[in-house]
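Asker: First residue of the sequence shown? That's 1 in this note's numbering, and the numbers climb one at a time after it.
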Amino acid sequence: MNILFVSSEVEDLAKTGGLADVAKALPLSFKSVGHDVRIVTPLYQTSSNVEHAKTILTNVTLHAGDSLYHYNVKQVDLHGVTVYLVDYPDYFFRKGIYSDGYHAYDDNGERYAFFSMAALHLAQLLEFKTDIIHCNDWHTGLIPFYLKKHWSNSEYLAEAKTVLSVHNGAFQGVFALDSVPFLQKSGVNYEDIHHGNINYLKIGVQYATKIVAVSPSYAQELQTDLGSHHMGDLFRSRSQDLVGIINGCDYTQWNPETDTMIPTNYSAEDMNGKAFCKANLQQHSHLPVDGDIPLIGMVCRITDQKGFSYLIPIIKNILHHNVQLVLIGTGDPELVRQIQSISDRHRNKFFFMNDFSLSFSHLVTAGSDFFLMPSLFEPCGLNQMYSLAYGTLPIVRAVGGLKDTVIDLEADPINANGFVFDRPDSEALLNCIRKALLFYHEYPQTFDIVRKKSIQTHFNWHDSAMKYEALYRSIN
Numbered sequence: 001m002n003i004l005f006v007s008s009e010v011e012d013l014a015k016t017g018g019l020a021d022v023a024k025a026l027p028l029s030f031k032s033v034g035h036d037v038r039i040v041t042p043l044y045q046t047s048s049n050v051e052h053a054k055t056i057l058t059n060v061t062l063h064a065g066d067s068l069y070h071y072n073v074k075q076v077d078l079h080g081v082t083v084y085l086v087d088y089p090d091y092f093f094r095k096g097i098y099s100d101g102y103h104a105y106d107d108n109g110e111r112y113a114f115f116s117m118a119a120l121h122l123a124q125l126l127e128f129k130t131d132i133i134h135c136n137d138w139h140t141g142l143i144p145f146y147l148k149k150h151w152s153n154s155e156y157l158a159e160a161k162t163v164l165s166v167h168n169g170a171f172q173g174v175f176a177l178d179s180v181p182f183l184q185k186s187g188v189n190y191e192d193i194h195h196g197n198i199n200y201l202k203i204g205v206q207y208a209t210k211i212v213a214v215s216p217s218y219a220q221e222l223q224t225d226l227g228s229h230h231m232g233d234l235f236r237s238r239s240q241d242l243v244g245i246i247n248g249c250d251y252t253q254w255n256p257e258t259d260t261m262i263p264t265n266y267s268a269e270d271m272n273g274k275a276f277c278k279a280n281l282q283q284h285s286h287l288p289v290d291g292d293i294p295l296i297g298m299v300c301r302i303t304d305q306k307g308f309s310y311l312i313p314i315i316k317n318i319l320h321h322n323v324q325l326v327l328i329g330t331g332d333p334e335l336v337r338q339i340q341s342i343s344d345r346h347r348n349k350f351f352f353m354n355d356f357s358l359s360f361s362h363l364v365t366a367g368s369d370f371f372l373m374p375s376l377f378e379p380c381g382l383n384q385m386y387s388l389a390y391g392t393l394p395i396v397r398a399v400g401g402l403k404d405t406v407i408d409l410e411a412d413p414i415n416a417n418g419f420v421f422d423r424p425d426s427e428a429l430l431n432c433i434r435k436a437l438l439f440y441h442e443y444p445q446t447f448d449i450v451r452k453k454s455i456q457t458h459f460n461w462h463d464s465a466m467k468y469e470a471l472y473r474s475i476n
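(1) List the residues that DSSP assigns as beta-bridge partners of Ser67.
(2) When the cut-off is 9 Å and only beta carbons count, does Pro424 lie next to chain D?
(3) Just how far apart, CA to CA, sit Glu159 and Leu120?
(4) Ser368: which of Ala275, Asp448 and Ala123 sits nearest, CA to CA?
(5) When you compare each of Leu335, Val37, Lys95 and Asn108 to Thr130 by their alpha carbons, which one comes out closest?
(6) Looking at the unbroken alpha helix (DSSP H) that takes in Lys31, where does it start and where does it end?
(7) Check the C-beta distance from Ser116 over to Thr82 and give it rounded, since I have them as a contact under 8 Å.
(8) Take every Cβ of the stretch 202–214, pair it with every Cβ of the stretch 159–170, and state whether three or more of those distances are shorter than 8 Å.
(9) Measure the Cβ-Cβ separation of Gly109 and Ser179 and say whether it is below 9 Å.
(10) Tell me which same chain residues have a C-beta within less than 7 Å of the C-beta of Leu311, skipping the five on either side of it?
(11) Is the beta carbon of His70 closer than 9 Å to that of Val86?
(12) Out of Asn348, Ile293, Arg434 and Gln340, which has the shortest C-alpha to C-alpha gap to Asn322?
(13) May I ask you to report which of helix, strand or coil DSSP gives Ile97?
(14) How would you call His134, buried or exposed, if buried means at least 16 neighbouring beta carbons within 10 angstroms?
(15) Can you tell me which of Phe92, Phe145 and Asn348 puts its alpha carbon nearest to the alpha carbon of Ser186?
(16) Use the C-beta contact count for Pro89: other C-beta atoms within 10 angstroms, 16 or more gives buried, fewer gives exposed.
(17) Helix, strand or coil for Lys161? Go by DSSP, reduced to three states.
(18) Please state if the CB of Asp100 and the CB of Leu19 are separated by a distance shorter than 9 Å.
(19) Sorted by chain position, which residues of the same chain lie with C-beta nearer than 8 Å to Gln384's C-beta, five sequence neighbours on each side aside?
(20) Starting from Leu13, trace the alpha helix (DSSP H) in both directions and tell me its first and last residue.
(21) By a C-beta neighbour count over all protein chains shown, 10 Å radius and 16 as the cutoff for buried, is Glu9 buried or exposed?
(22) Among the candidates Ala416, Lys467, Ser474 and Leu68, whose CA atom is the shortest distance from the CA of Ser454?
(23) Per DSSP, Cys135 is paired with what?
(24) Closest to Val33 by C-alpha separation, out of Trp254, Ala53, Met1 and Glu51, would be which residue?
(25) With which residues is Tyr84 paired in a DSSP beta bridge?
(26) Phe114 bridges to which residues according to DSSP?
(27) Roughly how many whole angstroms lie between the Cα atoms of Pro444 and Tyr102?
(28) Once DSSP output is grouped into helix, strand and coil, what is the label at Phe182?
(29) Going by the CB atoms, is the gap between Ala23 and Thr46 shorter than 9 Å?
(30) With DSSP run on the structure shown, which of helix, strand or coil describes Val299?
(31) Could you pull the start and end residues of the alpha helix (DSSP H) that Asn2 belongs to?
(32) List the whole-angstrom C-beta distance separating Ser361 from Phe351, where the pair is believed to meet the contact cut-off of C-beta under 8 Å.
(33) Note down the Cα distance separating Leu363 from His194, rounded to an integer number of angstroms.
(34) Ignore the nearest five residues each way along the sequence and tell me which others in Gly227's own chain have a CB closer than 6 Å to its CB.
(35) In angstroms, rounded to a whole number, what distance separates the CA positions of Ala436 and Asn49?
(36) Considering only their Cβ atoms, is the gap separating Leu242 from Ala279 smaller than 9 Å?
Here is the structure:
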């Protein structure tokens with residue numbers, strides 16, 4: 001199949017989150033099984049590994065309503081996959097991808113409306129007879145709409161079907177219609193406009209041939225009023241075209257046997273190195289070096305989504321136990337202030353780094369005994385997959401991809417690889433953590449067995465890609 005994979009970010013080029021991981025790994029998997037897959041993404045000021053990009057199209061003219069755009073296209077090779085970079089400096093030559101670091105850019109609606117149209121325009125210019133256009137999140141949500149309204153008679157796009165992956169439905173791309181001048185003349189239906197605003201993700205869900213949530217449980221949650229971020233009716237109306245496919249994990253980067261960012265390597269067969277990683281983490285975190293004290297690690301954005309509204313009130317209760325806590329992340333200033341205040345008062349037990357460091361996140365994953373992810377919602381989640389690979393047992397809430405990847409010890413002792421709680425509240429979270437600590441202290445031999453089993457729990461991109469391929473074939 002000929003697949004056009006369109007994403008606002010791609011790992012190794014530009015990245016703010018898990019979307020970029022998917023936008024690299026999935027096309028590479030498609031390529032490995034023989035599909036002709038091409039990636040389209042913006043060329044940002046901050047883009048990496050583009051020094052040797054070659055210009056393949058210059059001063060191309062795109063008509064959008066009454067507007068004219070003149071843009072260039074550059075090309076790079078990403079591990080054998082061709083990537084087309086849409087080069088339009090007025091929109092993309094800025095110090096951030098979506099924001100200046102503090103505030104989202106006011107013209108994000110216009111920026112990604114243009115990018116979505118340019119992706120289709122580019123396929124036409126390159127004479128790429130497309131079978132599948134794989135869109136990702138709100139940034140490309142207009143593509144299914146554009147395809148139906150403006151490109152349905154294109155020689156190269158007429159047979160194309162669209163698949164929209166919803167990586168996080170909380171981010172929907174809502175913009176005033178009059179802030180994107182050419183959209184007013186693009187054929188947007190009256191019912192798509194609410195109080196003068198247009199919702200890019202809603203448009204994508206309405207017009208896409210198929211919709212994919214990034215885990216089976218998240219596909220179900222998107223059809224509930226609580227889990228849909230106010231789009232439940234729409235997702236329910238498309239339930240026959242909505243599927244859930246769990247993301248894979250890049251084990252070339254997250255593997256304790258080969259990881260160059262941890263002080264020593266280890267495996268399920270020889271776990272000795274994990275104890276050394278724990279001691280190293282304790283040293284770097286200025287905590288007492290003691291292998292018998294259970295250590296809970298956490299690496300995440302400091303936001304309400306990650307469960308801090310019910311975690312912060314019980315941190316002191318957790319620290320009453322014989323335990324150490326290491327947390328690294330940035331985010332909401334008020335949440336950060338509260339966490340920092342607790343850490344300052346319990347420095348012998350709780351280390352908080354208000355920053356992000358890839359190397360330190362690897363050390364936290366390798367050196368911790370437990371990895372905490374009490375998320376309010378989590379479409380897929382990657383950190384629980386990383387922690388499993390390192391024999392660091394996840395403590396998670398039964399939501400989204402966490403529910404699909406972590407098996408609770410009490411619920412299924414034979415296959416267990418972590419600890420799971422249901423209710424999004426402090427009491428349920430504290431009880432789950434206490435169960436994990438009790439298991440660590442009272443059943444050390446069984447703990448080691450579960451830990452070794454967790455290392456052997458893999459979520460491969462190839463498996464995910466084969467499910468996507470089956471979905472593609474079902475609509476062609």
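Backbone N, C-alpha and C fix where the C-beta goes; we use that ideal spot for every residue, glycine too.
These numbers come from a predicted model, not from an experiment.
Answerer: In this structure, then:
(1) Ala64
(2) Included in the structure is just one protein chain, with no chain D present.
(3) 13 Å
(4) Closest by alpha carbon: Ala275.
(5) Val37
(6) Looking at the DSSP string, the run of the alpha helix (DSSP H) that includes Lys31 is Gly18 to Ser32.
(7) Ser116 to Thr82, Cβ: 19 Å. No contact.
(8) yes
(9) yes
(10) Pro374 and Leu429
(11) no
(12) Ile293
(13) coil
(14) buried
(15) Phe145
(16) exposed
(17) strand
(18) no
(19) Only residues of its own chain outside the window of five on either side were considered, and among them Phe371, Met373, Pro394, Val396, Gly401, Leu402, Thr405, Val406 and Gly418 have a CB closer than 8 Å to the CB of Gln384, listed in chain order.
(20) Counting along the chain, Leu13 falls outside any alpha helix (DSSP H), and DSSP gives it neither H nor E.
(21) buried
(22) Ala416
(23) Residue pairing of Cys135 in beta bridges, as defined by DSSP: Leu164.
(24) Met1
(25) For Tyr84, which the question treats as bridged, DSSP gives the partners Val40 and Gln75.
(26) BP columns for Phe114 are empty, so no partner.
(27) 46 Å
(28) helix
(29) Taking the C-beta atoms as reference points, Ala23 is found no nearer than 9 Å to Thr46.
(30) strand
(31) No alpha helix (DSSP H) holds Asn2; the beta strand (DSSP E) holding it covers Asn2 to Val6.
(32) About 14 Å; that fails the 8 Å criterion.
(33) Roughly 47 Å separates the two Cα atoms.
(34) Glu221
(35) Each residue's alpha carbon lies about 43 Å from the other.
(36) No, Cβ-Cβ distance for Ala279 and Leu242 is not below 9 Å.
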